[in-house]
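Participant:
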Amino acid sequence: MKKLSILMLNVVVSGLLMTMTQANALLPTADTTGVEAVQTAQPIMFQTLPKEMSSQPKMVEQAVIKPVQPTAQKTSANKISANVAAFLVSKNSAGQEVLTPITNSTHLGRNSIIEYTVELTNNNAKRVGNMVVTVGIPKGTTLIGHTMPNFPQATTDGKIYTTVPLQTVINGQRQAVPLYQYKALRWQLSNIAANDSTKVTYRAKLN
-12 MKKLSILMLN VVVSGLLMTM TQANALLPTA DTTGVEAVQT AQPIMFQTLP KEMSSQPKMV
48 EQAVIKPVQP TAQKTSANKI SANVAAFLVS KNSAGQEVLT PITNSTHLGR NSIIEYTVEL
108 TNNNAKRVGN MVVTVGIPKG TTLIGHTMPN FPQATTDGKI YTTVPLQTVI NGQRQAVPLY
168 QYKALRWQLS NIAANDSTKV TYRAKLN
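In the numbering used here, the protein residues as written are -12 to 194.
1) Measuring only the C-alpha atoms, how far is PRO165 from VAL122?
2) Using the Cα positions of PRO44 and ALA81, report the straight-line distance between them to the nearest angstrom.
3) In whole angstroms, what separates the C-alpha of ALA50 from that of LEU107?
4) Could you tell me whether the segment 186 to 194 touches the segment 97 to 107, using the rule of 3 or more Cβ pairs below 8 Å?
5) Here's the rule I'm using: 16 or more other beta-carbon atoms within 10 Å means buried, otherwise exposed. How should PRO152 be labelled?
6) Taking buried to mean at least 16 other C-beta atoms within 10 Å of its own C-beta, is ALA180 buried or exposed?
7) Measure the C-alpha to C-alpha separation of VAL85 and ASN117 and round it to an integer number of angstroms.
8) Can you tell me where the beta strand (DSSP E) holding GLN154 begins and where it ends?
9) For the structure I just gave you, are there three or more beta carbon pairs, one from the segment 134 to 142 and one from the segment 169 to 177, closer than 8 Å?
10) What span of residues does the beta strand (DSSP E) with THR134 cover, start to end?
11) Keeping to the same chain, check which residues put their C-beta closer than 7 Å to that of GLN168; ignore five residues upstream and five downstream.
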């Protein structure tokens, strides 16, 4: 079992009426990295950007999830809130899959499987036609799939995104890019109704 500490999980949201957001989540130490103690009831707090900046996806807002009960926050117009959660994936005696929310007392070891979920809520008064959500793969983990929605885009360098599965050409032959080289996933989401929510999910294994 590994001692737990705080590391970073990046969540970026951009698109119509969107700005980029970066979220800090509780993670284990670098050699066994995974999200910890993140509750969906905990909102991410956003700074307010001037209207003239609202269409620029390069603007970054800092959003920190802390392992304490946050005070109630009012969400300003033209905002998307994101709640990050992590679950330890296991099986019970009947062989059925069980998802257990990760807390400070959760023991994580090598090959533990973590399911990451980012719930995005449209706090606008109008429907959001389109947005792009990018979620990083934490260091010390390897993507194993179970992505929802299916067929997101992925990157190995943080710059070029291509629909999964990624492929490369080696010695003139096309080959699949190993999942351990994936650095982040990206989803293009559309038609999010006012006050409605949607989720993106993937699983990773602790190295």
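Glycine is no exception: its CB is placed at the ideal position from the N, C-alpha and C atoms.
Facilitator: On the basis of the coordinates in this document:
1) Numbered from its first residue, the sequence shown carries residue 165 at position 178. Numbered from its first residue, the sequence shown carries residue 122 at position 135. Approximately 18 Å between the Cα atoms of the pair.
2) Taking the first residue of the sequence shown as position 1, residue 44 is located at position 57. Taking the first residue of the sequence shown as position 1, residue 81 is located at position 94. Caution applies to PRO44, whose pLDDT of 34 falls short of 50 and renders its modelled position unreliable; the model cannot decide the point.
3) Numbered from 1 along the sequence shown, position 63 holds the residue referred to as residue 50. Numbered from 1 along the sequence shown, position 120 holds the residue referred to as residue 107. Interpretation of ALA50 is limited by its pLDDT of 32, a score under 50 that renders its predicted location unreliable; the figure taken from the coordinates is listed afterwards. Going from the Cα of ALA50 to the Cα of LEU107 covers about 14 Å.
4) Cβ pair count under 8 Å is three or more, so yes.
5) Counted from its first residue, the sequence shown places residue 152 at position 165. Burial call: exposed.
6) The residue you call residue 180 lines up with position 193 of the sequence shown. That one is exposed.
7) Against the sequence shown, residue 85 aligns to sequence position 98. Against the sequence shown, residue 117 aligns to sequence position 130. VAL85 and ASN117 have their alpha carbons spaced roughly 33 Å apart.
8) Locating residue 154 in the sequence shown gives position 167, where the first residue counts as 1. Note, GLN154: beta strand (DSSP E), 154 to 157.
9) yes
10) Position 147 of the sequence shown, counted from the start, is the residue given in the question as residue 134. Bounds of the beta strand (DSSP E) holding THR134 are 128 to 135.
11) Here residue 168 is taken as the residue at index 181 of the sequence shown, counted from 1. So the qualifying residues of the chain are THR143.
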